[in-house]
Structure formats: structure tokens, C-alpha cells
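Each remark here refers to the structure printed beneath this line.
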Amino acid sequence: MKKYTDRQYAVLGLGIFGSTVAKTLSRYNCDVIAVDSDIKCVNRMADIVTQAMQCDITDIDQLRAAGIQDCDVAIVSMGNHLEESVMGIINLKELGIPYIVAKAKNKRYMQIFLELGANKVVRPEKEMGEQVAKSVLGKNIIDIVDLDSEYSIVEIPTPKQWVGKSLIELDLRRKYGINVVGIRGYLEEHLNVCPDAEYRIEAQDHLVVISDCNTLDRFDFLDEL
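At position 77 of the sequence shown (counting the first as 1) the number is 804 in the numbering used here, and the numbers step up by one without a gap.
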């Protein structure tokens with residue numbers, strides 16, 4: 728299997744969602760072909776991605792001319808335009824793209840795209856809405872990503888009574904069912920993944936942990952434990 732940086736990605740549709748996907752992939756030094764029917768959107772991405780082209784995604788010949796058939800992953804991001812998205816997915820399947828991600832605006836669109844052969848369908852507005860709601864439910868939760876219906880990755884501030892103690896001293900897995908997978912220092916952008924068990928937690932640290940939903944419900948009370 729290719730590493731993600733060795734894969735070639737296509738982003739079809741350069742609205743807010745599509746352009747964000749393209750920019751993020753480019754930030755990780757990925758090879759990205761970005762296409763849109765609107766030349767203004769194309770021009771905005773020209774200096775960011777590997778190749779930006781004006782293209783009608785419902786026209787398979789235009790996709791082929793853009794080199795989309797050489798891509799390993801394609802993201803169809805015009806979720807509000809059913810006909811364009813449907814034709815885009817059909818064309819990508821015909822071009823032999825191994826993995827197709829499609830954006831959908833509702834559950835019905837999601838079902839259609841999956842039946843057409845999309846490998847994954849996302850509903851970013853719904854998913855972001857759920858994430859925001861969960862983050863405001865708990866005052867001590869900075870960020871949250873659901874892994875499945877039972878487990879989530881959350882970023883939390885350090886509870887006061889943990890400051891100055893090492894991870895091995897705290898024994899969080901046994902006491903609380905919490906697995907620390909990363910620590911972000913004060914004002915640091917990068918995450919210290921898999922920190923050493925002897926690392927002593929500082930007051931301004933943020934902890935990135937995996938936990939089940941029942942444990943997650945207790946995070947607001949960690950300062951009282």
C-alpha cells in the first residue's frame with residue numbers, strides 16, 4: 728500500500744469544503760489535482776495545489792485530460808448539486824479511481840452516492856454540528872473526534888491534581904479507563920505523540936486521550952476526583 732504522500736489525489740469542486748480538503752492535502756506535501764467549473768475558484772488554488780484546472784466534472788473527457796485517471800483517491804465535493812455529484816462519481820468509477828469520497832447534503836444523497844460506488848460519504852455540516860454540540864456539553868473538553876459509537880478521542884486541559892505527576896504515577900488507564908495518546912504543551916502547535924511514561928505533566932499541558940463515552944461524561948468532574 729502506498730504511503731499517503733505517495734498517492735495522487737483529485738478534488739472535484741472547489742467551494743469551501745473542497746478547497747479546504749485540497750489545501751490540507753497540499754500542506755502534507757501530497758500531489759493534488761484540483762478542478763472546478765468556475766475559473767475564479769481554480770485561480771484561487773493555482774499556487775497551492777500541484778495542478779488546478781477548469782473542468783466540467785460531468786464530462787469524462789475533460790476529467791481524463793486533467794489526468795484524473797492517474798489519481799489514487801478522488802474527493803467529490805459538490806454535495807449540494809446532485810446531478811453533478813452523480814455524474815462525477817460515475818465518471819470516476821469509469822476512470823478506475825480506487826477510492827472515492829463524496830460530500831452529501833442529506834441522508835438521501837448519501838444513500839445514492841454509496842449505491843453508485845462511493846467508498847465513503849461525508850456530511851460535514853451534520854458531523855461538525857454534532858462535534859460542536861458535544862464540545863459545548865463539557866466545559867473541560869477542548870476538542871473531540873468520535874472513533875465509533877463507543878469511543879472518542881478528546882483533548883482536555885490538565886486537571887489540577889495531576890500537575891507535577893508522571894503518567895506512570897497517575898496510572899490513568901487503571902483508575903479512569905483513560906489512555907493518553909498525546910500531550911500538547913502550552914502554545915505548542917505540534918503534538919507529542921505517545922509520551923514517555925516518566926513524563927511529568929505541567930499545568931498548561933493539554934492531554935489527548937482515548938476514552939469510552941461513559942468516561943467522557945465524567946471529564947467535567949475530573950478536578951473533583
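Cβ coordinates follow ideal geometry from the N, Cα and C atoms, glycine included.
Following the continuous beta strand (DSSP E) through Arg850, name the residue where it begins and the one where it ends.
From DSSP, Arg850 is part of no beta strand (DSSP E); its letter is neither H nor E.
Helix, strand or coil for Asp939 per DSSP?
strand
Note down the Cα distance separating His917 from Val935, rounded to an integer number of angstroms.
Each residue's alpha carbon lies about 12 Å from the other.
Is the CB-CB distance between Ser764 and Cys782 below 8 Å?
yes
Under 8 Å by Cβ, that's how I've got Gln735 and Asp797 pegged, so tell me the actual separation to the nearest angstrom.
6 Å
CB-CB under 6 Å to Leu952, same chain, minus the five flanking residues each way: which ones, in chain order?
Caution is warranted here: a pLDDT of 45 is assigned to Leu952, below 50, making its placement in the model unreliable, and the coordinate value is therefore given only provisionally. Excluding sequence neighbours, Leu952 sits near nothing in its chain.
Using a 10 Å radius around the Cβ and a threshold of 16 neighbouring Cβ atoms, would you call Gly815 buried or exposed?
buried
Roughly how many angstroms separate the alpha carbons of Ala792 and Lys853, rounded to a whole number?
Each residue's Cα considered, the two are about 34 Å apart.
DSSP puts Lys830 in a beta bridge; with which residues?
Val849
By the 10 Å Cβ neighbour count, where 16 or more other Cβ atoms means buried, how is Ala930 classified, buried or exposed?
exposed
Note the first and the last residue of the continuous alpha helix (DSSP H) segment covering Tyr903.
Leu899 to Tyr903
If you drop the 5 nearest sequence neighbours on each side, which residues of the same chain put their C-beta closer than 6 Å to that of Ala773?
Ala779
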